[in-house]
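Reading through the structure tokens given below for one structure.
There are 2 protein chains.
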Amino acid sequence: MTGEFEIDGSGFLPLREVVYDALRKAILKEKLKPGERLMENTIALKLGVSRTPVREAIRMLADEGLVVLIPRRGAQVAQISRQELLDVLEIRESLDGLAVVLCCQRITPEQEELLDEAERAFRDSIGKSIAEIAEKDIVFHDAIYTASGNRKLVQILNNLREQMYRFRLEYLKQIRDFDEVADEHGKITAAIHAKDIQAAVSCIREHIEKQIETIGRTLPE
Amino acid sequence: MTGEFEIDGSGFLPLREVVYDALRKAILKEKLKPGERLMENTIALKLGVSRTPVREAIRMLADEGLVVLIPRRGAQVAQISRQELLDVLEIRESLDGLAVVLCCQRITPEQEELLDEAERAFRDSIGKSIAEIAEKDIVFHDAIYTASGNRKLVQILNNLREQMYRFRLEYLKQIRDFDEVADEHGKITAAIHAKDIQAAVSCIREHIEKQIETIGRTLPE
DNA sequence: GATCTGTATTTTGTATACAATTATTATATT
DNA sequence: AATATAATAATTGTATACAAAATACAGATC
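First to last, the protein sequences are chains A and B.
Count the first sequence with this note's numbering and you get residues 962 to 1182, in order.
Count the second sequence with this note's numbering and you get residues 962 to 1182, in order.
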């Protein structure tokens, strides 16, 4: 092993990743609006790449649920309905429940520390930007997911979160009292430390149900 | 609207679908063994198509979890470990539970009939080929999933089933008494008809837990 | 005037060609 | 003989070209 220059490092992402990021951001920021068609050629020209990586990026987005593919007709930005969002939350309530159960049974001391850290970080983020609060919230929940010791579960829950992403900022803006959310996080954390499965499950379910309520108010069909 | 002839119907599948089916079957039948590399060129030549549809098919299989993608090094048949399988079953136990809860709350009379039909069909399949039993089992569980009224849930559960597919036949061969399985299906069905959520959930969880046990015995790490 | 049909255009599906990276082999050096 | 290095081959990533299908539009027919 000679010099090991990090030639690549942060630098060379595959083009498909670059295109993916660009499209994803555009969709999340609603620069590409739901229902809008994504034409390979147009996007390729706009980004200065060929159609191939664009195609692959679009398919990645389709897996994530951000775009829908119509055979022989291309792709368009997914029109996520209120119903779909509620469906996702219904599943999250169940799987977040599973996650805390497993978490109580399997969490390691190091993971308990990470969880505490994440909980504090969320509390500290209150008052800062919505984006920052959102990020810390993700970290907190991710700490629980990871501590469940079930990799597939982590993957599914992350995917479900991604599908809600577009509405997340909107949703967070609706929340009046973030301290209340932080308290919920605190209760969940405490229950996990105490290995109190019952308490942990009911706390997390309540946590999600509040989200369902808020969504219900925010997005009237 | 004139005649509505189903001209297409069975006919023209996109090549990527053809390749996908071919590879999928090969993996499930273990003609392509876990760990084996999938080289685009080789497959393309073998199937008489170009690399483009092969690439897309491989990526579809990656979504399904049947192959893993290694950047700049191609794909290989996924090596599903005992742990992964148990992880999947852990999630299924939770989500099948959610499915029957929702099913009790939302099932329509027509769906109740379909459920009964599926339950009978499974019972009738006992003694026939393992493949047939497997198929009827899928139909039964699918009837429950569909009746949950949560599309995303149906999609996730189908995906989880697909990930177990390779082990399914092996697993079914282990089962001594299919009548017992049929009885479990019967209890679940009855609980759903009675809208007895508690009974339905405990029946389905027990049903899955038996699978976990069997897998535990079948695949010793 | 409405509808059908044929043509032109756009767009996706597929094939192929080229570039960049990784794996392999052979050679040289110690 | 073992290791390092250089040359070569194999393989993925990307671009481009061509084919087939879908769409849009214009003109013809009733």
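Cβ atoms here follow ideal geometry from the backbone N, Cα and C, with glycine treated the same way.
Beta-carbon proximity list for B/Lys1134, same chain, < 7 Å, skipping 5 on both sides | Against the second sequence, residue 1134 of chain B aligns to sequence position 173. Within the same chain, B/Lys1134 has close Cβ partners Ile1091.
Bounding residues of the alpha helix (DSSP H) (the contiguous stretch that carries A/Leu984) | On the first sequence, residue 984 of chain A is found 23 positions in, with the first residue counted as 1. From DSSP, the alpha helix (DSSP H) with A/Leu984 extends over 976–989.
Check the Cβ of A/Glu1045 against every Cβ in chain B and list those closer than 9 Å, keeping chain order.
-> For this step, residue 1045 of chain A is matched to residue 84 along the first sequence. The contacting residues are Arg1112, Lys1113.
Please determine, among B/Leu976, B/Gly1058, B/Val1028, the residue with the shortest C-alpha to C-alpha distance to B/Leu993.
-> Here the question's residue 993 of chain B lines up with position 32 in the second sequence. The shortest C-alpha separation from B/Leu993 is found at B/Val1028.
What did DSSP end up calling B/Ile1041 once you bin it into helix, strand or coil?
-> Taking the second sequence and counting its residues from 1, one reaches residue 1041 of chain B at position 80. If DSSP states are grouped into helix, strand and coil, B/Ile1041 belongs with coil.
Are any of the Cβ atoms in chain B nearer than 8 Å to that of A/Val1049?
-> Here residue 1049 of chain A corresponds to residue number 88 of the first sequence, with the count starting at 1. For A/Val1049, the answer is yes, since a Cβ of chain B falls inside 8 Å of its Cβ.
Identity of the residue in A/Gln1159, A/Glu1131, A/His1146, A/Gln1040 nearest A/Arg998 by Cα | As a position in the first sequence, residue 998 of chain A is number 37, starting the count at 1. Selected option, being the one with the closest Cα: A/Gln1040.
In angstroms with no decimal places, state the Cα-to-Cα distance between B/Glu914 and B/His1146.
-> In this structure chain B extends from 962 to 1182, so residue 914 of chain B is not present and cannot be described.
In chain order, what residues of the same chain lie with their CB nearer than 8 Å to the CB of B/Ala1082, ignoring the 5 residues before and after it?
-> Position 121 of the second sequence holds residue 1082 of chain B. Excluding sequence neighbours, B/Ala1082 sits near Lys1097, Val1100, Phe1101.
B/Ser1055 versus chain A: which residues are under 8 Å apart at the beta carbon?
-> Looking up residue 1055 of chain B in the second sequence gives position 94. Those are Ser1055, Leu1056, Gly1058, Leu1059, listed as they occur along chain A.
Run the CB neighbour count on A/Ser1109, radius 10 Å, all protein chains shown included, and call it buried at 16 or more, exposed below.
-> In the first sequence, counting from the first residue as 1, residue 1109 of chain A sits at position 148. By the 10 Å Cβ count, A/Ser1109 comes out buried.
Write down every uninterrupted run of the alpha helix (DSSP H) in the segment 987–1063 of chain B whose length is 4 residues or greater and which is fully enclosed by it, in chain order.
-> 1001–1008, 1012–1025
Minimum Cβ-Cβ distance from A/Asp1138 to chain B less than 8 Å | Numbered from 1 along the first sequence, position 177 holds the residue referred to as residue 1138 of chain A. Closer than 8 Å: no.
Pick from B/Glu1167, B/Thr1003, B/Val1162, B/Ala1005 that is closest to B/Glu1141, judged by C-alpha positions = Here the question's residue 1141 of chain B lines up with position 180 in the second sequence. The shortest C-alpha separation from B/Glu1141 is found at B/Glu1167.
Confirm, please, whether the CB-CB distance from A/Leu1114 to A/Leu1059 is below 8 Å.
-> Working through the first sequence from its first residue, we reach residue 1059 of chain A at position 98. Working through the first sequence from its first residue, we reach residue 1114 of chain A at position 153. In this structure, A/Leu1114 lies closer than 8 Å to A/Leu1059 by Cβ.
Within the same chain, show all residues whose beta-carbon is closer than 7 Å to that of A/Ala1160, passing over the 5 residues directly before and after it, in chain order.
-> The residue given as residue 1160 of chain A occupies position 199 in the first sequence. So the qualifying residues of the chain are Ala1152.
Is B/Lys994 near the ligand ADP, going by C-beta to nearest heavy atom under 7 Å?
-> No copy of the ligand ADP occurs in the structure displayed, which carries no ligand at all.
Contacting positions in the segment 1019–1030 of chain B - beta carbon closer than 7 Å to chain A = Arg1020, Asp1024
Counting along the chain, where does the alpha helix (DSSP H) carrying A/Ile1068 start and finish?
-> Position 107 of the first sequence, counted from the first residue, corresponds to residue 1068 of chain A. Element bounds for A/Ile1068: n/a, residue is neither H nor E.
Under 8 Å by Cβ, that's how I've got B/Val1010 and B/Leu976 pegged, so tell me the actual separation to the nearest angstrom.
-> Start at 1 with the first residue of the second sequence, and residue 1010 of chain B comes out as number 49. Start at 1 with the first residue of the second sequence, and residue 976 of chain B comes out as number 15. Indeed, because the Cβ distance is near 5 Å, the residues count as touching under 8 Å.
Short Cβ contact (8 Å threshold) for B/Thr1107 with B/Ile1136 = As a position in the second sequence, residue 1107 of chain B is number 146, starting the count at 1. As a position in the second sequence, residue 1136 of chain B is number 175, starting the count at 1. Result no, Cβ atoms of B/Thr1107 and B/Ile1136 do not sit closer than 8 Å.
If you draw a straight line from the alpha carbon of B/Ser971 to that of B/Pro995, how long is it in whole angstroms?
-> On the second sequence, residue 971 of chain B is found 10 positions in, with the first residue counted as 1. On the second sequence, residue 995 of chain B is found 34 positions in, with the first residue counted as 1. Model confidence at B/Ser971 stands at a pLDDT of 43, short of 50, so the residue's coordinates are unreliable; what they give is reported in the following sentence. The straight-line gap from Cα to Cα measures roughly 32 Å.
With a CB to CB cut of under 7 Å and the five nearest residues on each side skipped, what residues in its chain are close to B/Thr1179?
-> Position 218 of the second sequence, counted from the start, is the residue given in the question as residue 1179 of chain B. For B/Thr1179, where only same-chain residues beyond five positions count, the Cβ hits under 7 Å are Glu1131, Tyr1132, Gln1135.
Chain-ordered chain A contacts of B/Pro975 [CB-CB under 7 Å] | Taking the second sequence and counting its residues from 1, one reaches residue 975 of chain B at position 14. Going along chain A in sequence order, the residues near B/Pro975 (Cβ under 7 Å) are Pro1032.
B/Asn1119 and B/Glu1025 look like a contact to me (Cβ under 8 Å); what is the Cβ gap, rounded to whole Å?
-> Your numbering for residue 1119 of chain B matches position 158 in the second sequence. Your numbering for residue 1025 of chain B matches position 64 in the second sequence. Incorrect: roughly 10 Å between the Cβ atoms, too far for contact.
Compile a chain-ordered list of the residues in the segment 1068–1099 of chain A whose CB is closer than 9 Å to at least one CB of chain B.
-> none
Would you kindly check if the distance between the Cβ of B/Ala1023 and the Cβ of B/Ala1036 is under 8 Å?
-> By 1-based counting over the second sequence, the position of residue 1036 of chain B is 75. By 1-based counting over the second sequence, the position of residue 1023 of chain B is 62. In this structure, B/Ala1023 lies closer than 8 Å to B/Ala1036 by Cβ.
Can you name, in chain order, every residue of its own chain whose Cβ lies under 7 Å from the Cβ of B/Glu1169, other than the five neighbours on each side?
-> As a position in the second sequence, residue 1169 of chain B is number 208, starting the count at 1. Before going further, note that residue 1169 of chain B is Ile rather than Glu in the sequence given. So the qualifying residues of the chain are Leu1050, Arg1053, Glu1054, Asp1057.
Cβ-based neighbour list, B/Ala1095, same chain, cut-off 7 Å, excluding 5 preceding and 5 following | Translated into the one-based positions of the second sequence, residue 1095 of chain B becomes position 134. Same-chain partners within the cutoff: Arg1129, Leu1130, Leu1133.
B/Phe1128 - DSSP class collapsed to helix/strand/coil | Translated into positions along the second sequence, residue 1128 of chain B becomes position 167. It is helical.
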